Amino acid sequence: MTTKQPGVEPQQTPESLDECRRCALWEHATQAVPGKGPRHAPMMIVGEQPGDQEDLQGKPFVGPAGAMLDRALAEAGVARKEVYVTNAVKHFKWEPRGKRRLHKTPAQREIDACHYWLDRETGDVAPKVIVALGSTALKSVLRDSKATLQASMGHAIEQEGHAIVATYHPSFALRAPDPETRERAYKAIVDALREAHRLVGHHRKER
Ligand code: SF4
């Protein structure tokens, strides 16, 4: 079967993530990093792409950003084991800096190519609420390359039977140059997770 999307070369539909060649990111990554969590979790959290640690371990959000996400989830009263966690792009995009591998933001064509996998996960998990962490996740989840965090934060967006809550990526809260911005970003993440948790409860009552 051939799948065509804007900016994505027509190609065979891959059988598995490890076999995926829908874009070139697989070439320099250790492995593809699939999402993780309960099959029918009511909340799905979508990040940008695996980082250095995630690439090596093959699991999402296990590096420093993952530790911050764990802290924010605990503060918001959400158990991580009840959440499905994944990324918009499944292979680590990086550039060498000395002996280190530095994160590089995925291009729109790579986000589009990898949306194939996010779509499958969203269909399988069927979450009530999706939390988009950062601009890449938001663009992928909304399927809108022009979507911005600024315009989307602070209110839930209803789409195809689930609510989308947008906030900063934990990496931004870790790396912002000044402590005030870091603190503000972290608080926004906690607030967004709290709101997502509330919306999950709201959806449960409606059933
Ligand atoms: S980043 Fe996504 S689309 Fe690109 S090769 Fe990896 S799994 Fe496939």
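Sequential numbering of the sequence shown, starting at 1, is according to the UniProt record's numbering. Yeah, the Cβ is synthetic: ideal placement off N, Cα and C, and Gly gets one too. As the structure is a computational prediction, the values presented were derived from the model and not from experiment.
According to DSSP, simplified to helix, strand and coil, what is Val129? strand
Answer yes or no: do Ala173 and Ala185 have a C-beta to C-beta separation smaller than 8 Å? yes
Would you say the beta carbon of Arg120 is closer than 7 Å to some non-hydrogen atom of ligand 1? no
Pull up the distance between the alpha-carbon of Ala72 and that of Lys59, whole angstroms please. 19 Å
For Thr105, the nearest candidate out of Val89, Arg97, His115 and Arg120 (CA to CA): Val89
Could you pull the DSSP bridge partners for Tyr84 from this structure? Met44
Please go through the same chain and pick out, in chain order, the residues whose beta-carbon is closer than 6 Å to the beta-carbon of His203, but skip the five residues on each side of it. Lys128
Quick test of your reading: Arg22 and Tyr116, contact by CB under 8 Å. State the CB separation rounded to the nearest angstrom. 6 Å
Paired residues, beta bridge with Lys36 - DSSP: Val85
Return helix, strand or coil for Pro96, following the three-state DSSP convention. strand
As assigned by DSSP and simplified to three states, the class of His91: coil
Enumerated in chain order, which unbroken segments of the alpha helix (DSSP H) with a length of 4 residues or greater are wholly contained in the stretch 146-196? 149-152 and 170-175
Ligand 1 heavy atoms versus the CB of Glu15: any closer than 7 Å? no
For the alpha helix (DSSP H) holding Ser140, just list the boundary residues, first then last. Ser135 to Leu142
Can you list, in chain order, the residues of its chain with a C-beta nearer than 6 Å to that of Ala29? Leave out the 5 residues immediately preceding and following it. Asp55, His91 and Phe92
Name the residue from Met43, Gly47, Gln53 and Gly51 whose alpha carbon lies nearest to the alpha carbon of Asn87. Gly47
Where does Arg198 sit, in a helix, a strand or coil, going by DSSP? helix
For ligand 1, is there any heavy atom lying closer than 7 Å to the beta carbon of Lys90? yes
Among Ala79, Ser140 and Ile157, which residue has its Cα nearest to the Cα of Arg109? Ser140
When burial is assigned at 16 or more other CB atoms within 10 Å of the CB, is Ser145 buried or exposed? exposed
Going straight from the alpha carbon of Arg194 to that of Gly161, what length do you get? 20 Å
Expressed to the nearest angstrom, what Euclidean distance is found between the alpha-carbon atoms of Ala166 and Gly51? 20 Å
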